[in-house]
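Worksheet for the structure shown next.
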Amino acid sequence: MSLSFSVSKTDPTGARRGVLNTPHGAIQTPSFMPVGTQATVKALRQEALEELGAEIILANTYHLYLRPGHELVRKLGGLHRFMSWPRAILTDSGGYQVFSLSALRKITDEGVRFRSHLDGSEHLLTPEKAAEIQLALGSDIAMVLDECIETPAPRDKAESAVQRTIAWAKRARAYFIDQASRNGDLPQWQFGIVQGATFPDLRRESARQLLEIDFPGYAVGGLAVGEPHEVTCAMTAEVTALLPHDRPRYLMGVGRPEQIADYVALGIDMMDCVLPTRAARHACLYTSEGRVLIKNARYAQDQNPIDANCSCSVCRRYTRAYLRHLFAAGEITAAILASHHNVHFYLDIMRQIREAIGFGNLAEFSSEMHARYSAGVA
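If you want the numbering used here, it's the position in the sequence shown, counting the first as 1, plus 14.
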């Protein structure tokens, strides 16, 4: 199946419903991508992800480059075969991971020189190298290398990061096109990433310059890193207003359950977040009535499912009392069951959002979600 994207329905809010076709299957958009950093979504087997209906997952270029190595993955048939995952994969560029290792890296116009967090070995990650690694991994969608900065950031630093990100994007695109000319059409889409911190004019300028490079899809990066939700939305809106209607839009690293519909209403088609699995490992469960902190003593004798409105296999079989016991006992099964439920919850929110767009009532769905989660912890 070739790569293509089409929008089939729009909502009065500006939300879009569509289909992103990839060599590894069709993805209904808007879509949530569970994060499988090291070629695995933590605590979930691939069979479970298929059962949950995940159509695309995210893997991490930085981590897979360091271990087990992209050339080994290529030799073993690519990432899909290596991890036995038949559906679509998006790989990020490693830019955010390098940003988070501030004590171990140095950024120049050439690229990022860093020391491995595993063994201290030195590496140079350039825009071309990030593209090369992702071609070796064989992901369906690959992100260009960008420069991530902290929030809040001074304007001069944000300006510098935008210009470097654009320069890197041009180099990554040139490398990708050169590889395509040598090897024929590549079964991978390369996305550009809009930066600009919390400065509206820098966001617009970043988007305009990326549009000139002409990527098949665009991401909004450098948000959800500590700034208020309203600012995240405002910066996203600045960007989506300029992006072409016929290209997929990806907001990176978001968000909380009640926030997802807000981003979709701004015209976002794809998003990812570690929150459902990370929160699960810390005994925080997301439900239709708000968050459940399952270690609380109040659940010790609770014979109800995690969420009475949830159809996942965990809620159909296990009680809150049992989940609390597993966490109290430090059992691995606690993280497995909690992760299964939380990922189901996120994917089901997105299913309901697609349905709401179909009926043209996303605003109502969104306000109800905010009302339920503003009540706090269940």
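The beta-carbon is built from N, C-alpha and C at its ideal position, and this holds for glycine as well.
Note that this is a predicted model, so its numbers are computed, not measured.
- Residue environment analysis places Asn323 among the exposed positions, since fewer than 16 neighbouring C-beta atoms fall within 10 angstroms of its C-beta.
- When the five nearest sequence neighbours on each side are left out, the beta carbons in the same chain lying within less than 7 angstroms of the beta carbon of Asp276 are those of Cys247 and Ser380, in order along the chain.
- For Phe373, the secondary structure class from DSSP, reduced to helix, strand or coil, is helix.
- Annotation: the continuous beta strand (DSSP E) that includes His137 extends over Glu136 to Leu139.
- In this structure the region 251 to 266 does not touch the region 367 to 378; the number of beta carbon pairs closer than 8 angstroms is below three.
- Scanning Ala188, Thr27, Pro26 and Gly32 for the CA closest to the CA of Phe19 turns up Gly32.
- Here Ile191 is exposed, its C-beta having fewer than 16 other C-beta atoms within 10 Å.
- Leu257 is classed as buried because its beta carbon has at least 16 other beta carbons within 10 Å across all chains shown.
- Taking the C-beta atoms as reference points, Met364 is found no nearer than 8 angstroms to Glu272.
- Here Glu124 has Thr140 as same chain residues with Cβ atoms under 7 angstroms from its own Cβ, once five neighbours each way along the sequence are excluded.
- With 16 or more neighbouring CB atoms inside 10 Å of its own CB, Thr250 falls in the buried class.
- Straight-line measurement puts the Cα of Tyr76 at about 8 angstroms from the Cα of Gly109.
- Pro48 carries a strand assignment under DSSP once its states are collapsed to helix, strand and coil.
- The three-state reading of DSSP puts Leu17 in coil, since its state is none of H, G, I, E or B.
- The DSSP assignment places 30 to 36, 39 to 43, 45 to 48 and 70 to 74 as complete runs of the beta strand (DSSP E) inside the region 26 to 93, in order along the chain (cut-off: 3 residues).
- When Gly344, His355 and Ala311 are compared, the shortest CA-CA separation from Arg331 is found for His355.
- In this structure the region 196 to 204 does not lie against the region 218 to 226, because fewer than three pairs of beta carbons, one per stretch, are closer than 8 angstroms.
- In the displayed model, Ser22 falls within a strand according to three-state DSSP.
- A direct Cα-Cα distance of roughly 11 angstroms separates Ala255 from Ile282.
- Assigned with DSSP and collapsed to three states, Val278 falls in helix.
- Every alpha helix (DSSP H) stretch that sits fully inside the region 214 to 293 and reaches 4 residues is listed by chain position as 214 to 227, 243 to 254 and 274 to 279.
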